[in-house]
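Sequence order for the protein chains is A and B. For the record, in the first sequence the residue sitting at position 242 is 268 according to our numbering, with numbers rising by one throughout. For the record, in the second sequence the residue sitting at position 45 is 862 according to our numbering, with numbers rising by one throughout. Read the structure below first, then the notes.
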Amino acid sequence: MIRVIRAEMVKLTRRRFMAFTALGAVAFGAGSAAISVLTAESGAARRGSELLSIEALSTAGGGTAAALGAVAFGAVFMFAAFIAGVAGEFTRGTFRTLLLAQPSRMQLLAGKLVALIGLCAAALAVAELSGWGVARLLAPGQGIDVSQWGSLDALAAAVEDYGRLMIWLVGWAILGTAVGAIARSVPVGVLAGLVWAGPVENVIADGWEPAQRWFPGLLLRSLLSPETSVVSTTRALATLGCYCAVAAGVAAGVVQRRDVAGA
Amino acid sequence: MTTTTAREPAIRLDGLTKRYRTHVAVDDLSMEVPSGSVTGFIGPNGAGKTTTMAMMLGLVQPTTGTGRVLGVPLDEPARFLPRVGALIEGPALYPALTGRENLRVLAELGRRDRDGIDAVLQRVGLADRGDDRFKEYSLGMKQRLGIAAALLADPELLVLDEPTNGLDPAGMHEVRRLIADIAAEGRTVFVSSHLLSEIEQICTWLVMINRGREIYSGPADEFIADAGTTISIVPERDDDTARLEVLLREAGYAAERSHGRLTVTFDDGPSRALTADINRRAHDAGVVIAELAPQRTNLEHHYLQLIQGVAS
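In C-alpha cells form, the structure reads like this:
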C-alpha cells in the first residue's frame, strides 16, 4: 500500500495543487473563525446549535473552538472531495490504468483513501491555525476574554479539538469513498452525496428529533460540538463506527467484483 | 527483459466467454498468440476485441473460460501483469498532470526505476513535451504517452488496444514504426484494430474475430497468400493491352482487361518466378511493359468475406 500512497503523493504534492489547497485552507479557517467570533452571543449555548457563546469562547479552548465550530459547515466540501476523488478515477478511466501497474484493487482504494486523508489532515491543521489567528485578532472587539488562549490548557484543548476533527474527517472520508466507489460517476456521486448530507438530513432533522441520533452526517457534526449536541460522543462514535464498517465493506465489495473496462 | 520459453504461447485463451445480461460480447473464444510475434487482433467495431483484452489483463471477469498469459493463469493477474505493458480503451491518464508526472505516478505504483521515465519519453518522441500537461497533448501525443506508460514496465508482452484510433496518416505511420521497433527487440506485441490494412504490414500473426468468435487465426503470410493477390500490368502502348491479355490467357493466367490495364490474379499470391514469366512472355511478344505492380486490395476483400461469412 506504501507504493499506492507514494503514487498518490505525486499528484497531491504538486506545487500548484499544494498552493491552491493551502490558500483554500487558510481562507476557510480564517472565515470560519471570523463567523464564529462575530456571531457569538452572551449566555449559554442552545443544544443542537452551532453558535458558540461568548462565555464558551472565553475559556482556554475558545481559540480553536472558534474555528472548529464553523469548520463543520465545510463537511459538504470534504464529502464531495472524497466522492469526486474516488469516482473520478472511474469516470476518467484512470482506475484501469492504475490497476495495470498495481493489480490489487483493495490496495489501490485504501492507499488513495489514506493519502487523501493525510492531505486533508494537513489542510485542516492549517485551517485551524489560521482560524486561531483570526479569532485572536477579532475576539477582543467582541468582548471575548483571550487571556487563557495561550496557556497549556489551551494547547490540550487544541489537541483534543484536532483529534475530534480527525475522527470527523475519517468518517466523511470513508462515507465519501463508499459513495464514489458505488456511483463511479462524479456528477451522480457528488449530487447524491450532497443532496443527502445537505438538505435531506437537515430538513428531516428539523421535524424528527431522532435524526440527530441516527443520521451519519449529523452524528459527525455532533463530534465537533459535543457541548451543544443532543447525543453523547460515545454513542455517536459507536453508531458511526457501524456506519463506517458497512460503508467500507460495501465499497470493498463493489470495487473488488465489478469490471473496470469493456462492454 | 526476460522471455518465456520458445514453445509456450505468450497468450492462450480457452473458451473465453463474457456475457452482459442478454448481450454476449465474447463467445467461447479460443486462441493463441505465439511468443515473440507481432499479432494483429482484428475485428469490426463491437466484435469483442477490447473485452477480450480486458479479460486477459484481469480488468474484466470472464463469465466462463480460462486462459494463460505468459504461462500464468488469467485469474492471477498479479503474477503476470508486472511483465506486461498495456494500453486499453485509449490512454486514460490524469489531465492536470504533465506527461512526466503521469509516468511518475505509474512508476511509483509499479515500483519502476524513475530513471526509466526519460528513456520511454525519448522512445516515443515526447522528450521535449514531457513537462506539458496531458490535457494539452494532441490525440497522437496522448496515444504515444499511453504507449510510453505501457513500456515503463520493460514488458515481455505489450498489449495495445487500437493504438492508431483517431490518428491522421502521419500519426498512424509513427505508431506503426514504434510498434515495429518494439517488436524488433524480441517482445511479443498483441495489437488490435478494426482495420486490417492499418496493421497488416507489421504483423507476423493474425487473429480475427467477429461477434465475439474467432474467424481466423494463423500466420499473416498464410492469410495474405489465401487472399490471392493480383498484379497490375500497364503496357507502353494502349493497343498492346488486348494482345497481352490474349497471350497471358493462352499461357493459363487469369488476366482481365479494364481501363487500359491488365489485372492478373494469383490464387497463392504472385511469386517472383511467375511475375518474371509474365514479363518474359510480354518481351518475347514485343510488348514493352511500363508498369508491373502487385496489388493488395484483395486482402481487405478477403477479410470482409470472412466477416460476412460468419455474419450470414
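Glycine residues also receive a C-beta, built at the ideal position from the N, C-alpha and C atoms.
Please specify which runs of the alpha helix (DSSP H), each continuous and at least 4 residues long, are wholly inside the stretch 256 to 283 of chain A, giving them in chain order. Qualifying alpha helix (DSSP H) stretches, in chain order: 259 to 283.
Give the DSSP-derived three-state secondary structure of W158(A) in the structure shown. helix
Cβ of P972(B) less than 7 Å from any chain A Cβ? no
Taking DSSP's pairing of strands, which residues face Q1173(B) in a bridge? The question about residue 1173(B) has no answer, for chain B in this structure spans 818 to 1129.
Just grab the DSSP bridge partners of S847(B) for me. In the DSSP output, where bridge partners are listed per residue, S847(B) has none listed.
Beta strand (DSSP E) runs contained entirely in the stretch 977 to 1056 of chain B, provided each spans 3 or more residues: 1005 to 1010, 1022 to 1027, 1030 to 1036, 1046 to 1052
Ordered list of alpha helix (DSSP H) runs contained in the stretch 124 to 151 of chain A, each at least 4 residues: none
Would you grab the beta carbon distance between E227(A) and G243(A) for me? Rounded to a whole angstrom, and I think it's under 8 Å. 5 Å
Buried or exposed (CB count within 10 angstroms, at least 16 for buried), N919(B): buried
Less than 7 Å between the beta carbons of I109(A) and V205(A), yes or no? yes
How many Å lie between L195(A) and G857(B) at the Cα? One Cα belongs to L195(A), the other to G857(B), and the distance between them is close to 50 Å.
Starting from Y188(A), trace the beta strand (DSSP E) both ways and give me its first and last residue. Not the beta strand (DSSP E): Y188(A) falls in the alpha helix (DSSP H), residues 178 to 209.
With which residues is T881(B) paired in a DSSP beta bridge? T834(B)
Residue range of the alpha helix (DSSP H) that includes L38(A): Element bounds for L38(A): 28 to 38.
Cβ pair S1034(B), M873(B) closer than 7 Å: no
Measuring alpha carbon to alpha carbon, tell me which residue in V102(A), S130(A), R122(A) is nearest E893(B). S130(A)
Report the rounded CA-to-CA distance for L995(B) versus P980(B), giving the unit in angstroms. 11 Å
Measure from the C-beta of T120(A) to each C-beta in chain B and report whether the shortest distance is under 7 Å. Yes, contact with chain B.
Supposed close pair R1098(B), A1072(B) - CB separation, criterion 8 Å: Not quite, the Cβ-Cβ distance comes to about 11 Å (not below 8 Å), so this is no contact.
Relative to the alpha-carbon of E154(A), which residue among V52(A), M44(A), G167(A), I31(A) has its alpha-carbon at the smallest distance? V52(A)
Check the Cβ-Cβ distances between T65(A) and every residue of chain B, and say whether any is below 7 Å. no
Could you check whether the stretch 859 to 872 of chain B touches the stretch 1005 to 1014 of chain B, counting it as contact only if at least three pairs of C-beta atoms, one from each stretch, sit closer than 8 Å? Contact between the stretch 859 to 872 of chain B and the stretch 1005 to 1014 of chain B is present, because at least three Cβ pairs lie under 8 Å.
Of all the residues that make up the stretch 901 to 919 of chain B, which are near chain A by a beta-carbon distance shorter than 7 Å? A903, I905, E906, A909, L910, Y911, L914, E918
With the cut-off set at 7 Å, would you say T1021(B) and V855(B) are in Cβ contact? yes
Would you check if there are 3 or more beta carbon pairs closer than 8 Å linking the stretch 169 to 186 of chain A to the stretch 224 to 239 of chain A? Verdict: no, contact absent.
Can you tell which of A101(A), G87(A), A271(A), R283(A) has its C-alpha closest to the C-alpha of W158(A)? G87(A)
Cβ-Cβ distance between Q168(A) and A92(A) below 7 Å: no
At least one CB of chain A closer than 7 Å to the CB of R928(B): is that the case? yes
Residues in its own chain within less than 8 Å of L923(B) by CB, not counting five upstream and five downstream? Excluding residues up to 5 positions away in sequence, R929, A966, L969 lie with their Cβ nearer than 8 Å to the Cβ of L923(B) in the same chain.
For N1027(B), does the count of other Cβ atoms within 10 angstroms reach 16, so buried, or fall short, so exposed? buried
Give me the Cα-Cα distance between A274(A) and A1001(B), rounded to the nearest whole angstrom. 47 Å
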